[in-house]
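Numbered according to this note's numbering, the sequence shown spans residues 463 to 563. Beneath this line is the structure, given in structure tokens, with notes to follow.
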Amino acid sequence: MNRADVQCTHLATVADVEPSSPGCEDCLRTGGHWLHLRLCMHCGKVGCCDSSPNRHATAHWTAHRDHAIIRSYEPGEDWWWCYPDELFFEIDDAPASPSHP
Numbered sequence: 463m464n465r466a467d468v469q470c471t472h473l474a475t476v477a478d479v480e481p482s483s484p485g486c487e488d489c490l491r492t493g494g495h496w497l498h499l500r501l502c503m504h505c506g507k508v509g510c511c512d513s514s515p516n517r518h519a520t521a522h523w524t525a526h527r528d529h530a531i532i533r534s535y536e537p538g539e540d541w542w543w544c545y546p547d548e549l550f551f552e553i554d555d556a557p558a559s560p561s562h563p
């Protein structure tokens, strides 16, 4: 079952995005480091996960509340996250998961 169809109310905000950088855009600019990467599915900004010191993906959503959905930007991971609905999900017919080089 595609849980996104049932519960996520923000799929209309998803765009065909290109990743903004090969790593966390903000960490690369400031010399920070990250553990895992996330891709904003509204604008393509690459940010670091909440386990990373600076939590740039969540900071991006906090500053841009209309950028509700991220995808993992890690090899082999196909999950999505909706911040306002607090929902992990996968989309059965989504294109292959993008990942950092």
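Built from N, CA and C at the ideal position, the CB exists for glycine as well.
- By the Cβ test, the segment 528–535 is in contact with the segment 472–487, since at least three Cβ pairs between them sit closer than 8 Å.
- Nearest neighbour of D540 by Cα position, chosen from A521, C511, F551, turns out to be F551.
- Around the beta-carbon of R491, fewer than 16 other beta-carbon atoms lie within 10 Å, marking it exposed.
- At a cut-off of 3 residues, the continuous stretches assigned as beta strand (DSSP E) that sit fully inside the segment 468–536 are 499–502, 508–510, 531–534.
- Counting other Cβ atoms within 10 Å of its Cβ, H526 stays below 16 and is therefore classed as exposed.
- Short of 7 Å from the beta carbon of T520, and not among the five residues preceding or following it, lie these beta carbons of its own chain, in chain order: D512.
- When G494, Y535, R517 are compared, the shortest CA-CA separation from S482 is found for Y535.
- Looking at the DSSP output, W541 bridges to nothing.
- Linking D547 to W496 through their CA atoms gives a straight-line distance of about 25 Å.
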